[in-house]
Structure formats: C-alpha cells, structure tokens
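Novice: Residues in the sequence shown are numbered from 2 upward in steps of one, following this note's numbering. Starting off with a structure, shown below.
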Amino acid sequence: EEDLLNDVCREVVERWSDSQVVDSKEEKEDEVQAITSMMEKQARVVVKPKEVSQEEKQRKAALLAQYANVTDEEEYPFPALLGALRDISCSKPPQTTLSQLCRPSPALFRNTNVEDVLNARKLERELLRDEFQKKKEQDKLQREKDKLAKQERKEKEKKRTQKGERKR
C-alpha cells in the first residue's frame, strides 16, 4: 500500500513538472510573439518630414549668414579661448589655465540676477510699507469719523431727552 501511495505521488509530481515545462515554453513563445509584434508596429510607423516654408528657410539662411561671418573689425567674444584653441591645435603648451578660460572678463559679462532679485524685493517691501502706511492713515481717519458720529449721536440724544423733560 505504501508503494502504491509513493507511485501515485511520484506520478502526480511528474505530471505537474511536465505541465510547468509546457507552460513556461508557451510563456516564452508568447513573449517572443509580443516582442515581434511590437517591433513590426514600430517599423510601420513612418515619421513625416517637417515641412519648412520658403520664408522660414530664408530666415534661417539669413541668421546663419549673419552669425557665420565674423569680420576682422569685430572682436571674438572669448579671445583667451580662441588663443588656447590655437595653442592646442598647434601642439604648443597652453599659456592659459582652464580656470582662466572659464572666468569671463568683467567687461564682457556681468551677472545681474542677484542684484535684480534684491532690487525687486526691496521695491516690493517699499510698496508694502507704503500700502500699510496708507491703510493706517485711513483707519485713523475712519476712527475719528466714527468718534465724531458717536459724539453727535450722544448730543442729539441729550437734546431729545431735554425736550422730553421740558414737556413734562
């Protein structure tokens, strides 16, 4: 009876393992099929070339011509970099260091971002201060008006009560 039980267990395990092998083969085939179908879809997609009008072509040509032609009278914006490039191309030892090349001359560039931000904040603070001062003055005037109105109401009430007492 134990042998029969072991045989049945072994057969169940064998069939289960056979079914797993078949499933994994089918999954691999499905994956390959999915990949090939995606590749075929991507191959079918055709990118249309961008249509550029004649006017845009002319504008581009004019810009390229404008910036491509640097005359002798115009100064190259990075003279140190230009000299270093010549040194490198002529296999001479460079006369300038990398830090000198990366640091632009103060006459060419000036980063004003920090100054602009600080000035904008200062201007904003001044505007807020002015608005607060105006509001403070308006509140003061309103309190004075309210005080005068209250005083007038008291005086009217007093006069009315005096008339009522005289009539009695």
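Backbone N, C-alpha and C fix where the C-beta goes; we use that ideal spot for every residue, glycine too.
In terms of residue numbering, what span does the alpha helix (DSSP H) encompassing K51 cover?
Specialist: Neither: K51 is in no alpha helix (DSSP H) and is coded neither H nor E.
Novice: For V53 and Y68, I'd like the C-alpha separation in whole angstroms.
Specialist: If I take the Cα positions, the gap works out to 21 Å.
Novice: Which stretch, first to last residue, makes up the alpha helix (DSSP H) that contains R161?
Specialist: N114 to K168
Novice: Going straight from the alpha carbon of A44 to that of Q34, what length do you get?
Specialist: 15 Å
Novice: Once DSSP output is grouped into helix, strand and coil, what is the label at V46?
Specialist: coil
Novice: From Q143 to N120, what does the alpha carbon distance come to, in whole angstroms?
Specialist: Taking C-alpha positions only, Q143 is separated from N120 by approximately 34 Å.
Novice: My output table needs one value for A2: the three-state DSSP class, helix, strand or coil.
Specialist: The residue asked about is misnamed: residue 2 is Glu in this sequence, not Ala. Three-state DSSP puts E2 in coil, outside helix and strand.
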